[in-house]
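In UniProt numbering, the protein residues as written are 1 to 325. Every residue, glycine too, gets a C-beta built ideally from N, C-alpha and C.
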């Protein structure tokens, strides 16, 4: 399967390496406005290079596109994929404007193509095992879910400006994960945000430190604590409490540091999720090859964005927000 990769930032580079090493995939084209800076990388993977992403949709040699460009471009490229009949793996979020996302879903009904939304945490083996146990009733009736998500370092301000805000850009991973884990769509959200790490993020109207509380239809409660900084490395812990037990996914320590910085050091992103990214690509290729619908799909992207929009509104206005899909 010949892939075009649109966008070669941090996550784009992960996709490039995975496509190039996959036995059923070929990295046909890399499309990025910074193409002159990426010539060595393109040579390494044997890919052609273009500064004009739009051209890949007219290329008959391209079977599928991976969209890892800035968030504000995702909808445009998904629509182009639909109009050209090319399968698409699109990084989250689908977009930052729910009206445009819903129009895109209607287009995809008229021009159906395989579309996967890049909520890669669903493909992490530890999270998948957690979900299987929860769904099998291993801890009885679900009562609480507690999530800690902390990135190793804040993003650049250039990135923040086009990200749609921390709830749509980062916390949305766990809005999707909670839906997938519990099988429920949250009905209410209360969110709080502060800027404690990088004042520049606050000047852009965003937060670097957040708390989100969600209520599920069953009455179960979920709490997500997020930060754009984690001094010990990527933090991605989940605890699930039920009437008959508790399940936990912890971080993976890799080594002890010598004084004066003694203690456990944890792996960073994307190393923490490198297997998840590989599994995501495997799942996408299998779905396209078997003419089945990739999961998570566009409707998952829409619902997670609705939750993110509600959290953004709650943090801004200081009120709990009912979520309607």
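Rounded to whole angstroms, residue 74 and residue 24 show a C-alpha spacing of 25 Å. Rounded to whole angstroms, residue 39 and residue 33 show a C-alpha spacing of 12 Å. Within the region 13 to 72, the complete alpha helix (DSSP H) segments of 4 residues or longer fall at 39 to 45, listed in chain order.
If the five residues before and after residue 297 are omitted, its C-beta is found closer than 8 Å to the C-beta atoms of 115, 116, 117, all from its own chain and listed in chain order.
Straight-line spacing of the CA atoms in residue 99 and residue 77 works out to 16 Å. The beta-bridge partner set that DSSP reports for residue 227 consists of 150, 209. Residue 173 sits away from residue 279, with the two beta carbons spaced by 9 Å or more.
158 is the residue among 158, 144, 101 whose C-alpha sits nearest the C-alpha of residue 9.
If you draw a 10 Å sphere on the C-beta of residue 231, you find fewer than 16 other C-beta atoms in it, and that means exposed. Within a 10 Å sphere around the beta-carbon of residue 110 sit fewer than 16 other beta-carbons, which makes this residue exposed. Residue 130 carries a helical assignment under DSSP once its states are collapsed to helix, strand and coil. Proximity to residue 58 across 26, 84, 209, 1 peaks at 84, based on C-alpha coordinates. Counting C-beta atoms within 10 angstroms of its own C-beta, residue 203 has fewer than 16 neighbours from the protein chains shown and is therefore classed as exposed. Less than 9 Å separates the beta-carbon of residue 95 from that of residue 305. In this structure, residue 65 lies near residue 89, with their beta-carbon atoms less than 9 Å apart. Secondary structure note for residue 91: its beta strand (DSSP E) is the uninterrupted segment 87 to 91. Residue nearest to residue 217 within the set 101, 142, 54, 248 is 142 (criterion: CA-CA distance). Straight through space, the alpha carbons of residue 239 and residue 214 are spaced by roughly 15 Å. Taking residue 208 as reference, the option from 170, 189, 52 with the minimal CA-CA separation is 170. The DSSP-derived three-state label of residue 314 is helix. A distance of 9 Å or more separates the beta carbons of residue 175 and residue 315. Straight-line measurement puts the Cα of residue 181 at about 8 Å from the Cα of residue 128. Counting the other CB atoms within 10 Å of its CB gives residue 302 a total of 16 or more, which places it among the buried residues. Taking C-beta separations shorter than 6 Å and ignoring five residues to either side along the sequence, the partners of residue 211 in its chain run 192, 225, following chain order.
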